[in-house]
Amino acid sequence: MSIIAGIDEAGRGSVIGPMVIAGIIIEDINTILNIGVKDSKKLSPRKRELLLKKIIDNIKGYHIEVIDAEVIDRKRKYETLNDIEAEAMINIIEKLRPDIVQIGSPQNNAKSFIEKITRKVKNIEIISVYHAEDVFPTVAAASILAKVTRDRIIEKLKKDFGDFGSGYPSDKKTINFIMNSIKNGQIPNIIRKSWKTFSNLLSYYNY
1 MSIIAGIDEA
11 GRGSVIGPMV
21 IAGIIIEDIN
31 TILNIGVKDS
41 KKLSPRKREL
51 LLKKIIDNIK
61 GYHIEVIDAE
71 VIDRKRKYET
81 LNDIEAEAMI
91 NIIEKLRPDI
101 VQIGSPQNNA
111 KSFIEKITRK
121 VKNIEIISVY
131 HAEDVFPTVA
141 AASILAKVTR
151 DRIIEKLKKD
161 FGDFGSGYPS
171 DKKTINFIMN
181 SIKNGQIPNI
191 IRKSWKTFSN
201 LLSYYNY
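In this text, residue positions in the sequence shown follow UniProt numbering: the first is 1, and each later residue adds one.
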């Protein structure tokens, strides 16, 4: 029986906090089909937490890569975000060693994203589609693992730095947190300074 991996991310587009990429492996797809997994974005935080325990209890293994804002900023000087995400997925594949990998492509052109991975990963079938969490239960399960992991990290960061909302540019609380950090001259390392959201706010205050 083939070992199948599902990989997905959480926090790719956020301006505060890490990007988390999670991978899970299974031998029998029914083990997670029976749980009723679906894309983490369509679930409440409580529902994600409840499903995660069932997922962990029913999968063969998992691996999580956490890429902090500082690391993203450093790598963005010479890599794209797609490159950074692909590297993390390669690390997960090498740890889990599945026969088949199902992943969510961060763009409509899944072929170019797969090529970033297949240059390093050999003899493993890789299937990538846009919004894969809606297609593959394995990816939906990985999506839940990634999102819950990131949610827990975000809550810990809020205890240290104050409430900055969701960390996404669409969140007014997140934008206000960044604006206040700039005005106070104390910009924490949890903010992705390579993001246009940050540079635009910096320009607004003539920095």
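Don't be surprised by glycine CBs; every beta carbon is placed ideally from N, CA and C.
Predicted, not measured: the structure shown is a model, and the values here were computed from it.
Output the distance between the C-alpha atoms of Gly104 and Asp8, rounded to the nearest integer angstrom. 6 Å
Quick one: Cα of Ile90 to Cα of Met1, how far? Each residue's CA atom was taken as its position, placing Ile90 and Met1 some 23 Å apart.
Identify the continuous alpha helix (DSSP H) that holds Asp151 and give its terminal residues. Pro137 to Phe161
Separation of Gly185 from Thr174, as counted between CA atoms: 17 Å
Buried or exposed, going by whether 16 or more other CB atoms sit within 10 Å of the CB of Leu52? Classification of Leu52: buried, given that the 10 Å Cβ count is 16 or more.
Express the C-alpha separation of Leu201 and Gly17 in angstroms, rounding to a whole number. 17 Å
If you compare alpha carbons, which of Phe198, Ser203 and Ile124 is closest to Val101? Ile124
Which residue or residues does DSSP assign as beta-bridge partners of Gly165? DSSP output for Gly165 lists no bridge partner at all.
One question on the structure: do Ala146 and Val20 come within less than 8 Å of each other, judged by their Cβ atoms? yes
Could you name the residues that DSSP lists as bridge partners for Val121? For Val121, which the question treats as bridged, DSSP gives no partner whatsoever.
Below 8 Å CB to CB, which residues in the same chain sit around Val15 once its five sequence neighbours on both sides are set aside? Gly167, Tyr168, Pro169, Thr174, Ile178, Ile191, Arg192, Trp195, Thr197 and Phe198
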